[in-house]
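Student: Just so you know, the sequence shown maps onto residues 124 to 531 in the numbering used here.
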Amino acid sequence: MKIVTADVIVTSPNRNFVTLKITTDEGLTGLGDATLNGRELAVVSYLRDHVVPLLIGRDADRIEDTWQFLYRSGYWRRGPVTMAAIAAVDMALWDIKGKAAQMPVYQLLGGASRDGLMAYGHASGTSLPALFDSIREHQEQGYRSIRVQTGVPGLKSIYGIAAQSTGEERYDHEPAQRGAYPAEEDWDTRAYLRHLPTVFEAVRHEFGPDLPLLHDGHHRMTPIQAAKLGKSLEPYDLFWLEDCTPAENQEALRLVRQHTTTPLAIGEIFNTVWDFQALIKEQLIDYVRAASTHFGGISPLRKVMDYAAQYQVKSGFHGPTDISPVGLAAQMHVGLAIHNFGIQEYMQHGARTNAVFQQSFTFADGYLHPGDLPGLGVELDVDEAGRYPYEVAYLPYNRLADGTVHDW
Ligand code: CS2
Ligand code: MG
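1. Run through the DSSP bridge pairs and tell me what residue 140 is partnered with.
2. Could you tell me whether the Cβ atoms of residue 155 and residue 213 are closer together than 8 Å?
3. With 16 other CB atoms within 10 Å as the buried threshold, where does residue 137 fall?
4. How do the segment 247-260 and the segment 452-462 stand: do at least 3 beta-carbon pairs fall below 8 Å, yes or no?
5. If we count the other Cβ atoms within 10 Å of its Cβ and call it buried at 16 or more, is residue 468 buried or exposed?
6. Please return the same chain residues whose Cβ sits closer than 7 Å to the Cβ of residue 385, not counting the five positions on each side in sequence.
7. Between which two residues does the beta strand (DSSP E) carrying residue 501 extend?
8. Using only the alpha-carbon positions, how far apart do residue 170 and residue 393 sit?
9. Take the Cβ of residue 252 as the centre, count every other Cβ of all protein chains shown within 10 Å, and call the residue buried at 16 or more, exposed below.
10. For residue 375, is the classification buried or exposed, using 16 other Cβ atoms within 10 angstroms of its Cβ as the cut-off for buried?
11. Bridge partners of residue 220, per DSSP?
12. Residue 151 by DSSP, collapsed to three states: which one?
13. If I measure Cβ to Cβ from residue 519 and keep anything under 8 Å in the same chain, skipping five residues before and after, which residues do I get?
14. Run through DSSP, which three-state label would residue 209 get?
15. Among 185, 193, 184, 162, which residue has its Cα nearest to the Cα of residue 176?
16. Based on the DSSP secondary-structure assignment, which residues constitute the bridge partners of residue 344?
17. Going by DSSP, what residue range makes up the alpha helix (DSSP H) through residue 487?
18. How many Å lie between residue 411 and residue 425 at the Cα?
19. Shortest alpha-carbon distance to residue 184 belongs to which of 218, 157, 211, 205?
20. Runs of 4 residues minimum, wholly inside the segment 296-345: which ones carry the alpha helix (DSSP H) assignment?
21. Where does the unbroken alpha helix (DSSP H) through residue 401 begin, and where does it stop?
22. Answer yes if the segment 234-250 comes into contact with the segment 197-209, meaning at least three C-beta pairs across the two stretches below 8 Å, and no otherwise.
23. Cα-Cα, which of 477, 476, 494 is closest to residue 483?
24. How many Å lie between residue 474 and residue 325 at the Cα?
25. Within 7 Å: the Cβ of residue 445 and any heavy atom of the ligand NAP?
26. State buried or exposed for residue 264, treating a residue as buried only when at least 16 other CB atoms are found within 10 Å of its CB.
27. Return the CA-CA distance between residue 125 and residue 174, expressed in angstroms with no decimal places.
28. If you measure from each residue's Cβ to the nearest non-hydrogen atom of the ligand MG, which ones come out under 7 Å, in chain order?
29. Could you spell out where the beta strand (DSSP E) holding residue 363 opens and where it closes?
30. Over the uninterrupted beta strand (DSSP E) stretch that includes residue 269, give me the two end residues.
31. For residue 417, which of 208, 319, 226 has the nearest alpha-carbon?
32. Does residue 480 come out as helix, strand or coil in the three-state DSSP assignment?
33. Taking 7 Å as the cut-off, is the C-beta of residue 160 nearer than that to any heavy atom in the ligand CS2?
34. Do residue 403 and residue 434 come within 8 Å of each other at the CB atom, strictly closer than that value?
35. According to DSSP, residue 521 sits in a beta bridge with which residue or residues?
36. Does the distance from the CB of residue 396 to the CB of residue 350 come in under 8 Å?
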């Protein structure tokens with residue numbers, strides 16, 4: 124079965140998405156997600172100018188060979204642009220293989236290891252009452268695990284607070300915004316470290332000991348600050364503390380680990396299996412936060428999880444709205460098949476996005492399931508996608524009180 128066309132589709136229903144659609148000479152089509160939030164067009168060019176011409180005429184059945192060919196023949200390895208482009212090809216070929224076999228992709232990966240994927244949603248509020256309302260709202264939607272982010276006294280804006288934008292017209296992920304320049308936010312780590320334990324104490328008091336609670340530190344702390352936070356959150360029994368330090372310095376996790384038993388999750392900005400190698404082997408993390416979309420697709424995600432299984436490290440795949448429904452489906456299939464699944468982030472896309480991407484997954488009683496359609500179970504309505512051209516959008520950035528740029 125030969126690849127005859129590969130189209131790169133850019134659409135911005137509630138936010139920007141880049142999708143690769145591969146068609147074979149047998150008339151089968153496959154979709155892959157290549158969305159790189161805030162740098163979308165770089166991947167479009169990488170695909171259109173350098174990858175698509177190499178795909179035409181290739182054997183669509185040879186997923187691993189195509190992956191290795193694109194990775195190794197490019198010479199310049201790794202990096203989010205390269206790996207998002209390769210991811211899209213990998214996902215599209217798995218989608219095609221599933222359709223050819225008349226099976227959902229999770230069946231090709233070994234079949235289901237569980238009935239559904241426990242998912243967590245994002246509760247947030249600038250104040251405690253607003254946060255409690257948001258947690259209750261998520262519980263009513265069925266979520267049984269909840270990420271908690273709040274405002275910090277003295278700071279105008281803080282990562283992950285949905286209140287900054289509401290309604291269907293909003294950009295479909297709270298911090299990112301349409302516009303020609305990144306929004307500037309403020310940051311004070313000491314104020315955050317003082318405030319956060321009081322928030323978790325109040326949430327535990329209100330919602331009891333059972334509810335799994337997660338928190339995202341979004342790369343903002345030094346190792347010793349992260350160690351201190353992990354320690355001060357221990358009484359509130361977090362499911363995980365995510366991205367407590369910037370991911371570039373992996374040694375930092377060793378120091379954090381020496382000081383706290385709060386479980387650690389990292390890796391949403393990692394691109395390859397090698398980024399996780401030392402962290403898994405030295406058991407410095409508990410959850411792999413990779414996303415199929417930025418990690419080279421389904422094939423490497425499966426490999427890193429099999430490696431992690433030896434060390435009892437579990438999955439916690441990155442699932443914000445900047446992962447398209449195609450990328451989300453891809454990692455749901457992996458999550459259902461692997462033994463060491465942990466949890467799946469699930470933020471929910473907006474209505475326009477769901478009209479562009481027809482999906483077959485279900486979310487019931489807190490559990491996701493990718494569905495049983497052949498392939499990934501997602502189709503793209505090209506006409507609907509065409510109604511929403513690309514719009515410039517950036518993630519925000521941070522400055523400290525004295526004007527220094529800080530990690531966002
Ligand atoms: C976040 C992301 O979901 C998460 O854990 O860290 O929302 C992140 O801010 C965005 O994916 C950036 O594109
Ligand atoms: Mg995160």
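Ideal Cβ positions, reconstructed from N, Cα and C, are used throughout, including at glycine.
Tutor: Concretely, from the data shown:
1. 134, per the DSSP bridge assignment.
2. Contact: yes.
3. Per the 10 Å Cβ criterion, buried.
4. Under the Cβ criterion (8 Å, minimum of three pairs), the segment 247-260 does not count as touching the segment 452-462.
5. Buried is the call here.
6. By the criterion of a C-beta distance shorter than 7 Å, residue 385 is surrounded in its chain by 353, 356, 357, 361, 364, once the five residues flanking it on both sides are discounted.
7. Note, residue 501: beta strand (DSSP E), 501-503.
8. The straight-line gap from Cα to Cα measures roughly 20 Å.
9. Result: exposed.
10. Counting the other CB atoms within 10 Å of its CB gives residue 375 a total of 16 or more, which places it among the buried residues.
11. Looking at the DSSP assignment, residue 220 forms no beta bridge with any residue, so it has no partner.
12. Here residue 151 carries a coil assignment [DSSP, helix/strand/coil].
13. Closer than 8 Å at the Cβ level, and outside the excluded window around residue 519, lie 280, 298, 299, 300, 305, 306, 307, 308, 531.
14. If DSSP states are grouped into helix, strand and coil, residue 209 belongs with the helices.
15. Just measuring C-alpha positions, the residue of 185, 193, 184, 162 sitting nearest residue 176 is 193.
16. Paired residue(s): none; residue 344 is not in a bridge.
17. Here residue 487 belongs to no alpha helix (DSSP H); instead the beta strand (DSSP E) covers 485-487.
18. About 11 Å.
19. Relative to residue 184, the option among 218, 157, 211, 205 whose CA is nearest is 218.
20. Counting only runs of 4+ residues, the alpha helix (DSSP H) found wholly inside the segment 296-345 occupies 312-330, in chain order.
21. If you look at residue 401, you'll find it in the alpha helix (DSSP H) that goes 396-404.
22. Fewer than three beta-carbon pairs drawn from the segment 197-209 and the segment 234-250 are found closer than 8 Å, and the two stretches are therefore not classed as touching.
23. If we check each option's Cα against that of residue 483, 494 comes out closest.
24. Taking the straight line from one Cα to the other gives about 34 Å.
25. In the structure shown, the ligand NAP is absent; the only ligands present are the ligand CS2 and the ligand MG.
26. The Cβ neighbour count for residue 264, taken over all protein chains shown within 10 Å, is under 16; the residue is labelled exposed.
27. In this structure, the alpha-carbon of residue 125 lies about 15 Å from that of residue 174.
28. Taken from the N-terminal end onward, the list reads 339, 341, 365, 366, 391, 412, 441.
29. Following the DSSP letters along the chain, one finds residue 363 inside the beta strand (DSSP E) bounded by residues 363-365.
30. Run containing residue 269: 268-273, per the beta strand (DSSP E) assignment.
31. Residue nearest to residue 417 within the set 208, 319, 226 is 208 (criterion: CA-CA distance).
32. Residue state, collapsed to three classes: strand.
33. Yes, the ligand CS2 has a heavy atom inside 7 Å of this Cβ.
34. Between residue 434 and residue 403, the gap from beta carbon to beta carbon is short of 8 Å.
35. Looking at the DSSP assignment, residue 521 forms a beta bridge with 308, 529.
36. Contact: no.
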